[in-house]
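J.:
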Amino acid sequence: MHMALAIFEGVRYYIDTCSNAEQIAHLLDIHGGKRTARGTRKYASNATRVIVEPTRFEKCTRKMRKEDSRALLVTPEWVYTSVKAGNKQPSQYYSPDPSMFFSSVVISA
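For what it's worth, UniProt numbering labels the leading residue of the sequence shown as 1, then goes sequentially.
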């Protein structure tokens, strides 16, 4: 039986409204990630990563500020690329901030 890599070991995640939330959660879970407790009053207070679509960045940021959350915000692409590469990718390259539109683009000559 094939064992999944523990790519997301140590990652506690919260998924904001995403179109592929179930698939994203499944990938995170089978690769060692832990979902933050559901039903808590706090939005993502125990999370190390919040997976959020760029269209929800502003709303998510406001909620996190109210809770003094220090979780890193990443796009769903962070999960997919990390799984494909076989290791956790640097979060800063997968920012959902629309002003960082090209944050995940790599150009080579």
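Glycine residues also receive a C-beta, built at the ideal position from the N, C-alpha and C atoms.
Identify which residue in His31, Leu5 and Cys18 has its Cα closest to the Cα of Arg12.
T.: His31
J.: Flag this pair as yes or no: are the beta carbons of Ser69 and Ala44 separated by less than 7 Å?
T.: Cβ atoms of Ser69 and Ala44: closer than 7 Å.
J.: In this structure, how does DSSP classify Lys63 when only helix, strand and coil are distinguished?
T.: Helix at Lys63.
J.: Would you report the Cα separation of Ser99 and Glu58, rounded to the nearest angstrom?
T.: 11 Å
J.: Counting only runs of 4+ residues fully inside the UniProt domain "BRCT" (3-96), write out the alpha helix (DSSP H) ranges in chain order.
T.: 21-30, 57-67 and 76-85
J.: In angstroms with no decimal places, state the Cα-to-Cα distance between residue 113 and Val52.
T.: Residue coverage of the chain in this structure runs from 1 to 109, which leaves residue 113 outside it and unanswerable.
J.: Just to confirm, are Pro76 and Ile24 a CB contact at a threshold of 7 Å?
T.: yes
J.: Since Asn46 and Thr36 should fall inside the 8 Å C-beta cutoff, what is the C-beta to C-beta distance between them, to a whole number of angstroms?
T.: 5 Å
J.: Counting C-beta neighbours from all protein chains within 10 Å, is the total for Pro90 16 or more, i.e. buried, or is it exposed?
T.: exposed
J.: I believe Thr17 touches Arg56 by the beta-carbon criterion, under 8 Å. Please report the beta-carbon distance rounded to the nearest angstrom.
T.: Contact holds; Cβ gap of about 6 Å.
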